[in-house]
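**Q** Note that UniProt numbering has the sequence shown beginning at 1, numbered continuously upward. Ideal Cβ placement from N, Cα and C applies to all residues, glycine included. Okay, here's the structure, questions in a sec.
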Amino acid sequence: MLRSLRFAALIGGLILSASALAADIDAVSYGYPLTNPFEATLATTPPELRPELPSDDAIHQSDYTLTLRPERDFNLPDNFWAVKKLTYRMATQDHAAPLIFLIAGTGARFDSSINEYLKKLYYKAGYHVVQLSSPTSFDFMSAASRFATPGVSQEDAEDMYRVMQAVRAQNPRLPITDYYLTGYSLGGLDAAFVSKLDETRRSFNFKKVLLLNPPVNLYTSITNLDKLVQTEVKGINNSTTFYELVLNKLTRYFQQKGYIDLNDALVYDLQQSKQHLTNEQMAMLIGTSFRFSAADIAFTSDLINRRGLITPPKFPITEGTSLTPFLKRALQCDFDCYLTEQVIPMWRARTDGGSILQLIDQVSLYALKDYLHDSPKIAVMHNADDVILGPGDLGFLRKTFGDRLTVYPHGGHCGNLNYRVNADAMLEFFRG
């Protein structure tokens, strides 16, 4: 009898241990066709493998504006008129329903392609949906950020939380049953900090929170992306730039195709052709996109705060002023430069000093380890080959989230979010 009890206890312990393990999806059963992480990041999912979603015409939606920083009307140049108020998009059901907030990734506006996809996915499933810009987007920085220096996750979360509260206040008659929250890439990190803030503020009491491909260590992720710009690409020399090389490939691709079709399947089709991009070229393209986001952030933060690092403080900027010289200067400043020259000085001034290692820890998921470990409502979906992950990041996620972490074998950075399997899993999480 004692031996039977011991055996039962052992089996029970194994079952409990298994239930606490992350769900690692097998590559064969998963079926996602793109095994190259760079290709998956750029091309996402082949159209025939995506879920069926409603068209824009079938969605009851509108764009709204919020006045959150009225002082910006006076201290922003005239050509910033479009972002002196914060715009968000809301899709509503014709009946009482749960509402889900979507937070965009690095530098992305509320209407980014991934946010648009997620809106359609959740709207079809019966949710009210609110699309929000990233705290690192120029429109959020201009219209909603108190310090216009994003990068300190707690500060960014507080700005985002005020936006969410303002959205609810602007729509008092919308019948809402529960609140949900999700974000992709940097928006996933933001969602974690917003969820933690809500534990004390209690404005929403989020029922479920889903983090999609979030950076674990923010500094590691931005370092990985910055390094992609330094990739050596064959065919680039003093007479041929990277952009000319890619443009030439696209030109030959369209000539062979016989017509020009600029749609969201373009990169996937291109990669199946003879003009496909090499790994080095794809890495450079991803890194370049990130560098432009970093340049936008550095330029906007410097201009609003009159720091004089990129734009002279008293330089007159009107609607007719060319911003190209300032963009060129901003492109010389990568994300590490932005952190060093703008984020860290502001953070030290507000916190009476501190080392860069302290800041790195404070702006990453590591800072929320205990909360994330103990909160059953928060889950993560990530890819084993995501280019933003560093050594130990997946290990941290496994230890912290246990069976609330799903790891897909392929997909790069957010490339498989519009794969039917992932779409079903996202919906199932919020239904559970």
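Any idea what DSSP makes of ASP296, helix, strand or coil?
**A** In the sequence shown, counting from the first residue as 1, residue 296 sits at position 296. In the structure shown, ASP296 sits in a helix (DSSP, three-state: H, G or I).
**Q** Quick one: what's ASN171 bridged to in DSSP?
**A** Position 171 of the sequence shown holds residue 171. ASN171 pairs with nothing; no bridge assigned.
**Q** Leaving aside the five residues before and after ARG420 along the sequence, list all residues of the same chain whose C-beta is less than 7 angstroms from its C-beta, in chain order.
**A** Residue mapping note: residue 420 aligns to position 420 of the sequence shown, counting from 1. For ARG420, where only same-chain residues beyond five positions count, the Cβ hits under 7 angstroms are LEU49, ARG50, PRO51.
**Q** Who are the near neighbours of TYR366 in its chain, counting only those whose CB is closer than 8 angstroms to its CB and skipping five residues on each side?
**A** Indexing the sequence shown from 1 puts residue 366 at position 366. The residues are VAL216, ASN217, PHE396.
**Q** Using the DSSP secondary-structure output, state which residues sit across from HIS373 in a beta bridge.
**A** Here residue 373 is taken as the residue at index 373 of the sequence shown, counted from 1. Note: HIS373 sits in no beta bridge, so no partner.
**Q** Report the partner residues of ASN279 according to the DSSP bridge assignment.
**A** Start at 1 with the first residue of the sequence shown, and residue 279 comes out as number 279. Residue pairing of ASN279 in beta bridges, as defined by DSSP: absent, with no partner found.
**Q** Could you pull out every residue in the same chain whose Cβ sits closer than 6 angstroms to the Cβ of ARG431, ignoring the five residues on either side in sequence?
**A** As a working mapping, residue 431 is identified with position 431 in the sequence shown. Contacts found: none.
**Q** Is the beta carbon of SER133 closer than 8 angstroms to that of PHE110?
**A** Position 110 of the sequence shown, counted from the start, is the residue given in the question as residue 110. Position 133 of the sequence shown, counted from the start, is the residue given in the question as residue 133. Yes, the pair counts as a contact, with Cβ atoms nearer than the cut-off.
**Q** Whose C-alpha, out of VAL28, TYR32, GLN131, is nearest the C-alpha of TYR64?
**A** In the sequence shown, the residue the question calls residue 64 occupies position 64. For TYR64, the nearest C-alpha among the options comes from GLN131.
**Q** What does the alpha-carbon distance come out to for the pair ASN171 and GLN165?
**A** Locating residue 171 in the sequence shown gives position 171, counting from the first residue. Locating residue 165 in the sequence shown gives position 165, counting from the first residue. One Cα belongs to ASN171, the other to GLN165, and the distance between them is close to 10 angstroms.
**Q** Return the bridge partner residues of ASN383 from the DSSP annotation.
**A** Stepping through the sequence shown from its first residue, residue 383 is reached at position 383. TYR408, per the DSSP bridge assignment.
**Q** Compare the Cα-Cα distances from ILE25 to each of LYS84, SER55, PRO175, THR406 and report the closest residue.
**A** Here residue 25 refers to the residue found at position 25 when the sequence shown is read from its first residue. Ranking LYS84, SER55, PRO175, THR406 by Cα distance to ILE25 puts THR406 first.
**Q** Taking the DSSP output, what are the residues bridged to ASP63?
**A** Walking along the sequence shown from the start, residue 63 turns up at place 63. Per DSSP, ARG89.
**Q** Per the DSSP calculation, GLN131 is bridged to which residue(s)?
**A** Numbered from its first residue, the sequence shown carries residue 131 at position 131. Answer by DSSP bridge pairing, in chain order: ARG89, LEU102.
**Q** May I ask you to report which of helix, strand or coil DSSP gives TYR32?
**A** Looking up residue 32 in the sequence shown gives position 32. Coil.
**Q** Whole angstroms are fine: how far does the CA of LEU99 sit from the CA of LYS119?
**A** As a working mapping, residue 119 is identified with position 119 in the sequence shown. As a working mapping, residue 99 is identified with position 99 in the sequence shown. Their backbone Cα atoms lie some 11 angstroms apart in a straight line.
**Q** Hey, would you say ALA91 sits closer than 8 angstroms to GLY126, going by beta carbons?
**A** What you label residue 91 is simply residue 91 of the sequence shown in a count that begins at 1. What you label residue 126 is simply residue 126 of the sequence shown in a count that begins at 1. No, they are not a contact pair.
**Q** Assuming HIS413 and SER185 form a contact by the criterion Cβ under 8 angstroms, report the distance between their Cβ atoms to the nearest whole angstrom.
**A** In the sequence shown, the residue the question calls residue 413 occupies position 413. In the sequence shown, the residue the question calls residue 185 occupies position 185. That belief holds up - the Cβ atoms of HIS413 and SER185 are roughly 7 angstroms apart, short of 8 angstroms.
**Q** Hey, could you find the ends of the alpha helix (DSSP H) VAL194 is sitting in?
**A** Stepping through the sequence shown from its first residue, residue 194 is reached at position 194. VAL194 -> alpha helix (DSSP H) spans 186-201.
**Q** Report the three-state DSSP secondary structure of LYS208 (helix, strand or coil).
**A** If you number the sequence shown from 1, residue 208 lands on position 208. Residue state, collapsed to three classes: strand.
**Q** Assuming GLN358 is part of the alpha helix (DSSP H), what are its boundary residues?
**A** Mapped onto the sequence shown, residue 358 falls at position 358. Where GLN358 is concerned, the enclosing alpha helix (DSSP H) stretches over 356-362.
**Q** Using 8 angstroms as the threshold, is the C-beta distance between PHE401 and LYS208 below it?
**A** Sequence index remark: in the sequence shown, residue 401 carries index 401 (1-based). Sequence index remark: in the sequence shown, residue 208 carries index 208 (1-based). Between PHE401 and LYS208, the gap from beta carbon to beta carbon reaches 8 angstroms or more.
**Q** With distance defined between alpha-carbon atoms, name the residue in LYS369, PRO47, VAL363, ALA104 nearest to LEU212.
**A** On the sequence shown, residue 212 is found 212 positions in, with the first residue counted as 1. Ranking LYS369, PRO47, VAL363, ALA104 by Cα distance to LEU212 puts ALA104 first.
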